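According to this note's numbering, the sequence shown is numbered sequentially starting from 7.
Each residue gets a CB set at the ideal place from its N, CA and C atoms; glycine is no exception.
Being a predicted model, the structure only gives us computed values, none of them experimental.
For reference, the structure discussed in these notes is given below.
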Amino acid sequence: MTPLKALLGVALIAACAPAPIPDQTADVLAFEVAATAAFQRNDTIAIDTLLTDDVTLILSDGTIETKADLLREAREEVVKYSRFENVDQVVRFYGLTTAVVTGRTIISGTAKDGSAVEVDVIFTDVVVKQAGGWKFAAGHVSRVSRKS
Numbered sequence: 007m008t009p010l011k012a013l014l015g016v017a018l019i020a021a022c023a024p025a026p027i028p029d030q031t032a033d034v035l036a037f038e039v040a041a042t043a044a045f046q047r048n049d050t051i052a053i054d055t056l057l058t059d060d061v062t063l064i065l066s067d068g069t070i071e072t073k074a075d076l077l078r079e080a081r082e083e084v085v086k087y088s089r090f091e092n093v094d095q096v097v098r099f100y101g102l103t104t105a106v107v108t109g110r111t112i113i114s115g116t117a118k119d120g121s122a123v124e125v126d127v128i129f130t131d132v133v134v135k136q137a138g139g140w141k142f143a144a145g146h147v148s149r150v151s152r153k154s
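As structure tokens, then:
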């Protein structure tokens, strides 16, 4: 094999190699921060843009909430949040447009009736990239047990 043929062969292999997949972890974590901030502010406009139309959130008691439910709760300010924060997050990707985020959400606030709201849950979020941005498509939360 001549050096020119070898060089052309290497060039052809390099051209056919798949492009490296960009690390989108920072983008997904920034989306999660934006989403929790929107929920903390009860910002219905932001929440509407951050959710897929068919989003479902399964609560620890088995209740399934839809986009309409989540928007209504924010609009009615069912809870005025002083804290709505995700911590200990891990992001895993499945292709370029789907990510699963696991972690813990810590929530504090005041319910409409004046009672204190303190919630500590572990969560799984499924986020998908649509129209150039990440959106919340599905999620599940489970309360963290309080062991003595």
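Pick out whichever of the options has its Cα sitting closest to the Cα of residue i.
i    : options               : result
A74  : T55, V96, T31         : T55
D49  : A105, E71, V106, R78  : R78
T104 : D29, V127, A41, V132  : V132
F45  : R89, V34, A32         : R89
D119 : D67, S148, E83        : E83
Y87  : A32, R47, F37         : R47
V33  : R149, K135, V127      : Inspection of the sequence shows that residue 33 is occupied by Asp rather than by Val. Measuring from the Cα of D33, the nearest candidate turns out to be K135.
P28  : A144, L102, T69       : L102
V127 : Q95, A137, V150, A144 : V150
S148 : S66, D59, T58, A36    : S66
Please return the same chain residues whose Cβ sits closer than 7 Å to the Cβ of residue i, not counting the five positions on each side in sequence.
i    : result
V93  : G109, R110, I112
S154 : Reliability of the predicted coordinates at S154 is poor, the pLDDT of 44 falling under 50, and no value is obtained from them.
A41  : L56, F142
G68  : none
A23  : Only weak support is given to the placement of A23: the predicted model assigns it a pLDDT of 47, under 50, and the question is left unresolved by the model.
Provide the residue(s) that pair with residue i in DSSP beta bridges, ordered along the chain.
i    : result
S148 : I128
V142 : Checking the sequence, you will find Phe at residue 142 rather than Val. L57, V133.
A122 : T116
Using a Cβ-Cβ cut-off of 6 Å (strictly less than) and excluding sequence neighbours within five positions of residue i, which residues of its own chain qualify?
i    : result
T99  : Residue 99 is actually Phe in this sequence, not Thr. Taken in chain order, the residues that qualify are A105.
H146 : I64, T130
A117 : V85, V123
S114 : S88, R89, E124
A52  : A44
Q30  : none
I70  : T62, I64
V97  : T31, V34, A105, V107
To which residues of the same chain is residue i closer than 8 Å at the C-beta, ignoring the five residues directly before and after it?
i   : result
V39 : N92
Query raised in the report: Enumerated in chain order, which unbroken segments of the beta strand (DSSP E) with a length of 3 residues or greater are wholly contained in the segment 41 to 118?
Result: DSSP assignment within the segment 41 to 118 yields the following whole beta strand (DSSP E) runs of 3 residues or more, N-terminal first: 57 to 64, 70 to 72, 85 to 99, 104 to 117.
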